[in-house]
Amino acid sequence: MIDPEPIVSPWRRDGREELWKRLSGDWDLIVIGGGITGAGILALGSRMKLKVLLLERGDFASGTSGRSSKLVHGGLRYLKRMELKLARGSVQERQYLLRTASGLVEPLGFVYPVYKGEPIGPWLVEMGLGIYTHLAKDAGDYRKLEAVDIVMLAPGLLREGLLRGYYYRDAQTDDARLVFKVIQDALAASEERCFALQYARVTDFITEESRVVGVQVRDEEDGKETQVRARLVINATGVWADGLRAKMGRKKKLRPLRGSHLFFDAHRFPVYQAIAFGHPDDDRPVFAYPWQGVTLVGTTDLDHPSSLEEEPQIEMAEVHYLLHGIQTRFPDLALKTRDILSVQSGLRPVIDTGRENPSDESRDDAVWEEDGLLTVTGGKLTTFRLVAADALLEAHRLHRDLPTPSWDTEVVSRTPALSDFEECIEARQRRRIAGRYGNAASSLLRSRPDRLRPVPKTPYLEAEILWSARNETVLHLDDLFLRRFRLGILLPDGGLSLMDRMKEDLQRALDWEEPRWTEERDRYREIRRRCHELE
Ligand code: FAD
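Throughout, our numbering is defined as the position within the sequence shown, counted from one, plus 691.
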């Protein structure tokens, strides 16, 4: 039987005040940062029976982890740079997530066309794929494709100079949802030993004899502050890690690199699996793939000199670079700037080694201790479990009484079998819902039948949006429309008309009167305009 009660109460909006009162407890770990790295440490710590508190200054996944390319992948390009350890770890973790989190992490076929005169010729691609598909036992094989097959798989692709191609498999996900799942599962498994609080900013450290023993936290919703202590504080704040380290007088170590994406209506730019190719200007990898009903194109890789306090925005030069890449490879589609549905930029936290080309900096994770503060950064969405284990191993070295982590601990709950769900929606939807909501899916599907229809141009059910508004700690409309659901990216108006249509139901679910609703709608419209629209 399925448990109808979804999640532990502190995850709910009405659990926030209760949770704030409990902050003064005695914690083993305080983890700062509610992206995938912090979520992974919470998840592993929870399974190791530790008392862990996760603090996030905005919404969970509002940093880089909700703005990635949404691939759960081995990273074929890491092989090119001989980063074998990273590629192997990524492929193994991809396979783990495909097995465990089906419906949320799904296989994605890649077509890699090879053209005459390209720097990376067919034999090199073949060699790379040969290694790539042997990095895990169940990694699957690759296939050689003749030009005629490729054109069938990728309509509109340039035929001239096309020598042949290759087909292999990776995986895709909804990155923000993956973060929520990891956090929700961690809390559910912790029997109230672990907690996660969003809109709680760490503003400073508490030190004793120059060693970090706790943090000063500010509630970003009402400004109240408190101090919290733990045996160990972990700084998992991605590109913002240097900002916190600076409070301890430490010099910068990170090089924030911006990566941007374009999203197209799938009718305007139809692709049925991922198409990967070298950009005609610099041979950097570019890909286009179908994601939640739209086509996602990525990505750039540039230094980001702007303030980290503002949300990253795409620059027109990046738009032109990506457009030029797809215009060259898909000339018949004649894609223009006006065809772009929405955009998204994120910041890669990589260690600065001074390489001239940003793309040459390693994407591997790094963990180090300074004055009792453990910082963990780098890594990938895909490898969060390995990054968490690296961090907790270092934690064990610093505090021998903390247990040793294991790299293969199950940190996400297995997607329940499809047959456990009512037959009220089609199989593909059931799989998606089961992957996202786990055991809570059955209570969600008991909604009114007219709410079990997908919202046009999205995969989401109206019932899901309302359920989430009630149960998934939504404090602002951007939490709901940008991260619990990706309506701000998928819909041409960012979902504003849907928001207006669902207003009464949402107001009831969120318990908001008119002034709060208006304020939240304006806030959402402004964030969406700034970060996801082209000016
Ligand atoms: P973040 O997600 O940024 O989390 C850090 C959190 O700390 C933020 O939410 C922030 O709000 C919070 N924070 C900051 N300061 C404070 C404070 N003082 N108090 C409390 N909280 C604070 N990886 C893949 O595996 N697959 C991909 O397809 C992929 N594509 C990518 C594409 C791009 C463009 C980029 C930029 C990265 C991509 N990556 C990908 C890498 C991956 O997204 C990142 O490595 C990962 O998301 C980093 O997670 P994080 O938790 O370390 O950082």
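Idealized CB from N, CA, C, for every residue including glycine.
heavy atom of the ligand FAD below 8 Å from residue i C-beta
{"i": "VAL893", "result": "yes"}
{"i": "ASP866", "result": "yes"}
{"i": "LYS1194", "result": "no"}
{"i": "HIS970", "result": "no"}
{"i": "LEU1065", "result": "no"}
{"i": "ILE1180", "result": "no"}
{"i": "GLY749", "result": "yes"}
{"i": "LYS1071", "result": "yes"}
{"i": "TRP1059", "result": "no"}
{"i": "ARG758", "result": "yes"}
{"i": "ALA752", "result": "yes"}
{"i": "ILE727", "result": "yes"}
Assumed close pair residue i, residue j - CB separation to whole angstroms, cut-off 8 Å
{"i": "ALA967", "j": "PHE801", "result": "5 Å"}
{"i": "LYS835", "j": "ARG855", "result": "6 Å"}
{"i": "LEU795", "j": "ARG868", "result": "6 Å"}
{"i": "VAL1041", "j": "LEU1178", "result": "Contact doesn't hold; Cβ gap of about 30 Å is too wide."}
{"i": "LEU1026", "j": "PRO1183", "result": "Not a contact, Cβ separation roughly 16 Å."}
{"i": "VAL1034", "j": "HIS1223", "result": "6 Å"}
{"i": "ARG892", "j": "ARG909", "result": "5 Å"}
Other residues of its chain near residue i: CB distance less than 6 Å, five sequence neighbours each side excluded
{"i": "VAL870", "result": "ILE727, ALA730, PHE751, ALA752 and SER756"}
{"i": "MET739", "result": "PRO1094"}
{"i": "ALA1200", "result": "LEU1157, ALA1160 and ARG1161"}
{"i": "LEU1013", "result": "LEU953 and VAL988"}
{"i": "GLY914", "result": "none"}
{"i": "ASP832", "result": "THR824"}
Buried or exposed by the 16-neighbour rule on C-beta atoms within 10 Å, applied to residue i
{"i": "LYS776", "result": "exposed"}
{"i": "GLU696", "result": "Confidence at GLU696 is low in this model, with a pLDDT of 40, below 50, so its placement is unreliable and the value that follows should be read with caution. Looking at its Cβ environment, which holds fewer than 16 other Cβ atoms inside 10 Å, GLU696 is exposed."}
{"i": "ARG1192", "result": "exposed"}
{"i": "TRP931", "result": "buried"}
{"i": "MET1190", "result": "buried"}
{"i": "HIS825", "result": "exposed"}
{"i": "LYS1071", "result": "buried"}
{"i": "SER700", "result": "Legend: pLDDT at SER700 = 44, less than 50; position of this residue unreliable, no value from coordinates given."}
{"i": "LEU820", "result": "buried"}
Closest by C-alpha distance to residue i, when choosing among the options
{"i": "GLU883", "options": "GLY754, VAL903 and LYS742", "result": "LYS742"}
{"i": "VAL1010", "options": "LEU1181, LEU1225, ARG1139 and THR1149", "result": "LEU1225"}
{"i": "LEU1166", "options": "PRO804, HIS970, GLU1211 and TRP1059", "result": "GLU1211"}
{"i": "SER1159", "options": "THR1149, LYS1148 and ARG1174", "result": "ARG1174"}
{"i": "VAL873", "options": "THR1100, LEU1136 and GLU1006", "result": "THR1100"}
{"i": "ARG920", "options": "ARG1214, LEU720 and TYR806", "result": "LEU720"}
{"i": "ARG790", "options": "GLU899, VAL1103, GLY950 and GLY765", "result": "VAL1103"}
{"i": "THR990", "options": "LYS944, GLN783 and GLY950", "result": "GLY950"}
{"i": "VAL962", "options": "MET843, LEU878, LYS1071 and GLU1204", "result": "MET843"}
{"i": "MET773", "options": "PRO1147, SER881, TRP711 and GLU1052", "result": "GLU1052"}
{"i": "PRO633", "options": "LEU993, PRO971, ILE1116 and PHE1021", "result": "The displayed coordinates of the chain run from 692 to 1226. Any statement about residue 633 would go beyond what the structure contains."}
{"i": "ASP992", "options": "ILE1005, GLU1001, SER998 and THR986", "result": "ILE1005"}
{"i": "PRO659", "options": "PRO846, ARG1221 and GLU837", "result": "Because residue 659 is not part of the residues shown, which for the chain are 692 to 1226, the question remains open."}
{"i": "LEU1168", "options": "TRP1208, ARG850, LEU1135 and GLY984", "result": "TRP1208"}
{"i": "GLY1069", "options": "GLN1018, ASP933 and ASP973", "result": "ASP933"}
Same chain, Cβ closer than 8 Å to residue i, five either side skipped, listed in chain order
{"i": "LEU923", "result": "ASP719, LEU720, ILE721, GLY1063, LEU1065, ALA1086, LEU1089, HIS1090 and LEU1093"}
{"i": "TRP1098", "result": "ARG1076, LEU1077 and ALA1080"}
{"i": "VAL903", "result": "PHE896, ILE897, VAL924, MET939, ASP1062, GLY1063 and LEU1064"}
{"i": "CYS885", "result": "LEU733, GLY736, SER737, LEU741, LYS742, VAL743, LEU744, LEU745, ALA877 and LEU878"}
{"i": "PRO1107", "result": "ILE693, ALA1125, GLY1129, ASN1130 and ALA1132"}
Nonlocal neighbours in the same chain, by C-beta distance under 7 Å from residue i, ignoring five residues either side
{"i": "ASP1170", "result": "ASP750"}
Proximity test, residue i beta-carbon vs the ligand GDP heavy atom, cut-off 8 Å
{"i": "SER997", "result": "Of the ligands one can find in the structure shown, namely the ligand FAD, none is the ligand GDP."}
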